[in-house]
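> Line order of the protein sequences matches chains W and Z. Residues in the first sequence are numbered from 1228 upward in steps of one, following my numbering. Residues in the second sequence are numbered from 6 upward in steps of one, following my numbering.
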Amino acid sequence: MKSWKKNWAVYYFVLWTTIALLAPFLANEVDQNKFAQPLVPYSQSNIDYENANSVSPFEVQQIESTYYRHWLGTDELGRDVLAQLIHGSRTAFIIGLGVVLIAGIIGVFLGGIAGYFGDNYLTIKKRQLLAAILLFPIYLLSIMTIIPWGITAVNSFLKLILLGSFSILYFLVLFFIGRIAKQSTAKIHLPIDTIICRVIELVDAIPLLFLLVCLTAVIEPSFFTTILIIASVAWTSIAKYTRGEIIKVRNENYIQSAKALALTNFQILRKHILPNAMGPVLVSLSFGMAAAILLEASLSFLGMGIASEQASWGKLIASARNNYQAWWLAVFPGLAIFITVVASNKLSELLQKRN
Amino acid sequence: MLRYLTKRLLLFIPTLGIMSFFVFFIAQFSQEDLLLQKEENDFRVLSNNTLQEWKTSYAAAQKLGFHNPSFYVSIYRTSSSDTLNRIQDKQIRGTMADLGYKIGNWEKVNAFYGSIKTILPSLNSEEQQRLIQEFQSLNLSKSQSSYFSQFPSINRQFKLLLRNNSLFNNFIPKFKWNGFANQYHLWLRNVLRGNFGASLVDNNSVNEKINNAIYWTLLLSIVSLIITFSIAIPAAFYSSFNPSSLLSKTIDKLLFLFYAIPNFWVATLLILFFASGDYLSWFPTYGLGFMQDDYTAWQVLVLRIQHLILPIIALSYGSIAFVYKQLKNSITQELHKDYVLTARAKGLSSSAIKWRQLFKNASFPLITLLGGIIPALFSGSFIIEYIFSIPGMGKLSVESILSRDFSTIYMLLLLATFFSMLGLLMADLLYYFADPRVQLSSKNKVRK
Chain W
1228 MKSWKKNWAV YYFVLWTTIA LLAPFLANEV DQNKFAQPLV PYSQSNIDYE NANSVSPFEV
1288 QQIESTYYRH WLGTDELGRD VLAQLIHGSR TAFIIGLGVV LIAGIIGVFL GGIAGYFGDN
1348 YLTIKKRQLL AAILLFPIYL LSIMTIIPWG ITAVNSFLKL ILLGSFSILY FLVLFFIGRI
1408 AKQSTAKIHL PIDTIICRVI ELVDAIPLLF LLVCLTAVIE PSFFTTILII ASVAWTSIAK
1468 YTRGEIIKVR NENYIQSAKA LALTNFQILR KHILPNAMGP VLVSLSFGMA AAILLEASLS
1528 FLGMGIASEQ ASWGKLIASA RNNYQAWWLA VFPGLAIFIT VVASNKLSEL LQKRN
Chain Z
6 MLRYLTKRLL LFIPTLGIMS FFVFFIAQFS QEDLLLQKEE NDFRVLSNNT LQEWKTSYAA
66 AQKLGFHNPS FYVSIYRTSS SDTLNRIQDK QIRGTMADLG YKIGNWEKVN AFYGSIKTIL
126 PSLNSEEQQR LIQEFQSLNL SKSQSSYFSQ FPSINRQFKL LLRNNSLFNN FIPKFKWNGF
186 ANQYHLWLRN VLRGNFGASL VDNNSVNEKI NNAIYWTLLL SIVSLIITFS IAIPAAFYSS
246 FNPSSLLSKT IDKLLFLFYA IPNFWVATLL ILFFASGDYL SWFPTYGLGF MQDDYTAWQV
306 LVLRIQHLIL PIIALSYGSI AFVYKQLKNS ITQELHKDYV LTARAKGLSS SAIKWRQLFK
366 NASFPLITLL GGIIPALFSG SFIIEYIFSI PGMGKLSVES ILSRDFSTIY MLLLLATFFS
426 MLGLLMADLL YYFADPRVQL SSKNKVRK
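1) Out of Z:W182, Z:F173, Z:R194 and Z:K330, which has the shortest C-alpha to C-alpha gap to Z:F261?
2) Going along chain W, which residues have a C-beta under 7 angstroms from Z:L262?
3) From this set, Z:I31, Z:R8 and Z:G352, which residue's C-alpha is nearest W:L1442's C-alpha?
4) Please report how far the alpha carbon of Z:V114 lies from the alpha carbon of Z:L104, in whole angstroms.
5) Quick check on W:M1505 - is its C-beta less than 8 angstroms from some C-beta in chain Z?
6) Considering only C-alpha positions, which residue in the set W:N1382, W:I1482, W:N1572 and W:P1434 is nearest to Z:G428?
7) Roughly how many angstroms separate the alpha carbons of W:S1525 and W:R1306, rounded to a whole number?
8) In whole angstroms, give me the CA-to-CA distance for Z:A367 and Z:D440.
9) Would Z:P178 count as contacting chain W if we go by Cβ distances under 8 angstroms?
10) For the region 1525–1536 of chain W, list every residue whose C-beta sits within 9 angstroms of some C-beta in chain Z, in sequence order.
11) Quick check on W:F1262: buried or exposed, where buried means 16 or more other Cβ atoms within 10 Å of its Cβ?
12) For chain W, find out if any of its Cβ atoms is closer than 8 angstroms to the Cβ of Z:V78; answer yes or no.
13) Note the first and the last residue of the continuous beta strand (DSSP E) segment covering Z:W182.
14) Using a Cβ-Cβ cutoff of less than 7 angstroms, which residues in the same chain neighbour W:L1496 once the five nearest sequence positions on both sides are dropped?
15) Within the same chain, show all residues whose beta-carbon is closer than 7 angstroms to that of Z:L430, passing over the 5 residues directly before and after it, in chain order.
16) In the region 120–156 of chain Z, which residue ranges form an unbroken beta strand (DSSP E) of at least 3 residues, counting only runs that do not cross its ends?
17) Rounded to a whole number of angstroms, what is the C-alpha to C-alpha distance between W:L1324 and W:T1301?
18) With DSSP as the reference, label Z:K351 as helix, strand or coil.
19) Measuring CB to CB, does Z:T492 end up less than 8 angstroms from Z:N174?
20) Quick one: is W:A1458 buried, meaning 16 or more other Cβ sit within 10 Å of its Cβ, or exposed?
21) At the level of alpha carbons, what is the spacing between W:I1388 and W:R1470?
22) For Z:S120, which residues from the same chain have a beta carbon less than 7 angstroms from its beta carbon, with the 5 sequence-adjacent residues on both sides left out?
23) Suppose you measure from the CA of Z:W192 to the CA of Z:P178; what does that come to, to the nearest Å?
24) Count the other CB atoms, across all protein chains shown, that sit within 10 Å of the CB of W:I1332; report buried if there are 16 or more and exposed otherwise.
25) Considering only C-alpha positions, which residue in the set W:W1540, W:N1572 and W:G1530 is nearest to Z:S408?
26) Between W:S1511 and the rest of its own chain, which residues show a CB-CB distance below 6 angstroms, the 5 nearest in sequence each way excluded?
27) Which of the residues in the region 383–416 of chain Z, read from start to end, lie with their CB under 7 angstroms from any CB of chain W?
28) Taking the alpha carbon of Z:Q138 as the point to measure from, which residue in Z:L225, Z:K95 and Z:K164 has its own alpha carbon closest?
29) Of the residues Z:S425, Z:G399 and Z:M426, which one's Cα is nearest the Cα of Z:I414?
30) Using the three-state DSSP reduction, which class does Z:F17 fall into: helix, strand or coil?
31) Quick check on the burial criterion: 16 or more other C-beta atoms within 10 angstroms. Buried or exposed for W:H1314?
32) Closer than 7 angstroms by beta-carbon distance: list the chain W residues that pair up with Z:D433, in chain order.
33) Would you say W:G1325 faces chain Z, with C-beta separation under 8 angstroms as the test?
34) Can you list the residues of chain W that Z:Y189 reaches, using a CB-CB cut of under 7 angstroms?
35) Excluding five sequence neighbours on each side, which residues of the same chain lie with their C-beta closer than 6 angstroms to the C-beta of Z:F234?
36) Where does W:Y1239 fall in DSSP's three states?
Laid out in structure tokens, this is it:
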């Protein structure tokens, strides 16, 4: 516990989270009716016309009092850099956390299955395989025709939910067919490890940024879709890591004894394997967080990030490219990204040491 | 060995197939109208005459093959049609799809659209605009029905639309076999013949574009690779043999920080402080410089170095940190193994141990890295090339994605996939040569 208290990264994360959660209260327009005033009297999109055209933090500013001073300068339009930094930390926080959540779920699930079952231990009943093959066209048809693709009148979120529920339904049906079938029916080994590894190889075969940028060209970028897009490539490293860890744990003696005790696969996975493999997996999640923040910043830098209203660190750096005199536009957000990524790496080192 | 190689090479085919499929359908779902892209550059006749515009755009679509169905089989709702892609106006296409979904009867929708199309030529351009606008914002309301009532033939179809709706059709799938005259097949045939088509944006051949771009990317990445290895390898050896020295501690700390600095930030700062002229102007900000005819080889070299030095720094510092970290970990692990002790006991010199024994065994992370570098050699760095505007593969990718130039994107993505699979294969072979204990099997698993 001592090393935790000593480490600056932990404190930084607490600070970052607080700023991200309280961003609308920390930096917002002044509202005289309210009881308390924000720390920074500008919101992310508030334009101060008097101090437009990138005013430096050290320059004389056209302000009423020191309370209204732009401590970190303004950008070309006259928006406060500090306010944008604060709101950008919110963006980074939401994206980082969202990606880690979604990519973590996919990665841990697929990597876990691949690592635990390998090529030889996942057996399915012949009837299940038959049902899977027979039902697949029906599944494909239903997701292609019942889900209203191309209909603008239907919300795209609803389409995704429909897609998800059809897929879950498909697997549930297969699961229950397996339950109903007799124990004695013939079984087939499913080379699940090879299949998942091939999929990972396929996703990794495309340069990361290329895939991301391609997807952003097609999908309207919002918070939710940006998270989904980044998660759709970020899960592979988590899956690889989880797979490796679980293979290590799988061959331990206590797992063999658990098997001998006739515990079900699910019980073994949940009670014995996941808790023991979780530490290293947390490390990879923490790395994934840093990667997601970097990717979001890169996307925003290229002008393909989230919607134009929302401030982002990457966007702020990109705005420095219009006016190279304005060093404060590049230096501060870059520092923010840098410190967050270093803290995230430091945290994963700390986690690594604990294991 | 040969069997293994053929197996691995054969595996390329399905992967590339899946990838081509994937990109093709991304393009199909693209909200941007592909044709519009092309039209804006050469076909579109700016006029108020919508009908004329539709005709030219259909002619253009035919020229590009966009009027063909997209795949061998079409699967679609009974309330919709597989020939929707022949309607070139994106908004009208959307309206038709929505209408089919609301009404549930494609014949009625089509008849309604037909009645509008037959009326259109007899109207003047203002009335045409109005009618098309009404159709685009069709919501089956009372106010619209009063508007349509001035055209008897349209009104009849409009009334029909509101009657006997069979929404059940939305859930009944329909199939159609399209034969080989589909967009995917035609595109694939061209690609297999080595004809990558023309760019949708500027009509230049994609082959030529890629040929021009690959030179600069290769130059940049090879130089940065050489710099990376020549700095990182000695540094890693030094600091793992002298772990307590001040220098190696500084290197350690410094490179740990380097690893976390985003490269686009470094690139921006480099330009800001060393090139923009506001602080220092030692280097040009971007591009490759203008070369005059009478330049000597020496002058050309100086010009190139001047322009490429900042991008190479921005490209290399991160990989130096990465290689250093990996190599140092692996050397430290090897250092305490018995064979090193044996070698020392035999009286081998320290440098012989380093380079002949340790390096060979510690080079596994380098091989993994090389496998990853091969695709990067060819696809280049998006952000660095974009920032310094170097006309390489990375910049080409960003530009073609931003302008939705799908015929270029297809090829870039297929090339990237090909090279990264080649990289994986090379890495596996190198592992085999570095350590004969490694078994080659086509079931080789993903490494961490």
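The C-beta atom is built at its ideal place from N, Cα and C for all residues, glycine as well. In this text, all values refer to a predicted model and were calculated from it rather than measured experimentally.
With the given structure in hand:
1) What you label residue 261 of chain Z is simply residue 256 of the second sequence in a count that begins at 1. With distances taken between Cα atoms, Z:F261 lies closest to Z:K330.
2) Position 257 of the second sequence, counting from 1, holds the residue named residue 262 of chain Z. Chain W residues near Z:L262: V1569.
3) If you number the first sequence from 1, residue 1442 of chain W lands on position 215. Cα-wise, what sits closest to W:L1442 is Z:I31.
4) Mapped onto the second sequence, residue 114 of chain Z falls at position 109. Mapped onto the second sequence, residue 104 of chain Z falls at position 99. For Z:V114 and Z:L104, the distance between alpha carbons rounds to 7 angstroms.
5) As a first step, residue 1505 of chain W is located in the first sequence; it is residue number 278 there, counting from the start. False, the Cβ-Cβ gap to chain Z never drops below 8 angstroms.
6) The residue given as residue 428 of chain Z occupies position 423 in the second sequence. The residue with the shortest Cα to Cα distance from Z:G428 is W:P1434.
7) The sequence position of residue 1525 of chain W within the first sequence is 298, counting from 1. The sequence position of residue 1306 of chain W within the first sequence is 79, counting from 1. Rounded to whole angstroms, W:S1525 to W:R1306 spans 21 angstroms at the Cα level.
8) Mapped onto the second sequence, residue 367 of chain Z falls at position 362. Mapped onto the second sequence, residue 440 of chain Z falls at position 435. Going by the C-alpha atoms only, they are around 11 angstroms apart.
9) Along the second sequence, read from residue 1 onward, the residue named residue 178 of chain Z stands at position 173. Closer than 8 angstroms: yes.
10) S1525, F1528, L1529, G1530 and M1531
11) Residue numbering aside, residue 1262 of chain W sits at position 35 when the first sequence is read from its first letter. With fewer than 16 Cβ atoms within 10 Å of its Cβ, W:F1262 is classed as exposed.
12) As a working mapping, residue 78 of chain Z is identified with position 73 in the second sequence. Not closer than 8 angstroms to any Cβ of chain W, the Cβ of Z:V78 fails to qualify, so no.
13) Taking the second sequence and counting its residues from 1, one reaches residue 182 of chain Z at position 177. Run containing Z:W182: P178 to W182, per the beta strand (DSSP E) assignment.
14) Reading the first sequence from its first residue, position 269 is the one you call residue 1496 of chain W. These residues qualify, in order along the chain: G1339 and Y1343.
15) Mapped onto the second sequence, residue 430 of chain Z falls at position 425. The residues are R13.
16) none
17) For this step, residue 1324 of chain W is matched to residue 97 along the first sequence. For this step, residue 1301 of chain W is matched to residue 74 along the first sequence. Cα to Cα, W:L1324 sits roughly 29 angstroms from W:T1301.
18) Looking up residue 351 of chain Z in the second sequence gives position 346. It is coil, neither helix nor strand.
19) Outside the shown range of chain Z, which is 6 to 453, sits residue 492 of chain Z, and nothing can be said about it.
20) Numbered from 1 along the first sequence, position 231 holds the residue referred to as residue 1458 of chain W. With 16 or more other Cβ atoms within 10 Å, it is buried.
21) Counting from one through the first sequence, the residue named residue 1388 of chain W turns up at place 161. Counting from one through the first sequence, the residue named residue 1470 of chain W turns up at place 243. Each residue's Cα considered, the two are about 28 angstroms apart.
22) Along the second sequence, read from residue 1 onward, the residue named residue 120 of chain Z stands at position 115. Hits under 7 angstroms: S158, I159 and Q162.
23) Taking the first residue of the second sequence as position 1, residue 192 of chain Z is located at position 187. Taking the first residue of the second sequence as position 1, residue 178 of chain Z is located at position 173. Going from the Cα of Z:W192 to the Cα of Z:P178 covers about 27 angstroms.
24) Along the first sequence, read from residue 1 onward, the residue named residue 1332 of chain W stands at position 105. Result: exposed.
25) As a first step, residue 408 of chain Z must be located in the second sequence, where it is residue number 403. Closest by alpha carbon: W:G1530.
26) Taking the first sequence and counting its residues from 1, one reaches residue 1511 of chain W at position 284. Correct list, in chain order: I1465 and Y1468.
27) S384, F387, I388, Y391, S402, V403, I406, R409 and I414
28) As a working note, residue 138 of chain Z is residue 133 in the second sequence. For the residues Z:L225, Z:K95 and Z:K164, the minimum Cα distance to Z:Q138 belongs to Z:K95.
29) By one-based count along the second sequence, residue 414 of chain Z stands at place 409. If we check each option's Cα against that of Z:I414, Z:G399 comes out closest.
30) Here residue 17 of chain Z is taken as the residue at index 12 of the second sequence, counted from 1. Helix.
31) For the purposes of this step, residue 1314 of chain W is taken as residue 87 along the first sequence, with counting starting at 1. W:H1314 comes out buried.
32) The residue given as residue 433 of chain Z occupies position 428 in the second sequence. Chain W residues near Z:D433: none, gap ~12 angstroms exceeds 7 angstroms.
33) Looking up residue 1325 of chain W in the first sequence gives position 98. By this cut-off, W:G1325 is not an interface position.
34) One-based indexing of the second sequence puts residue 189 of chain Z at position 184. Neighbours of Z:Y189 on chain W: none; closest Cβ ~16 angstroms, over 7 angstroms.
35) Along the second sequence, read from residue 1 onward, the residue named residue 234 of chain Z stands at position 229. Contacts found: none.
36) In the first sequence, residue 1239 of chain W corresponds to position 12, counting from 1. Residue state, collapsed to three classes: helix.
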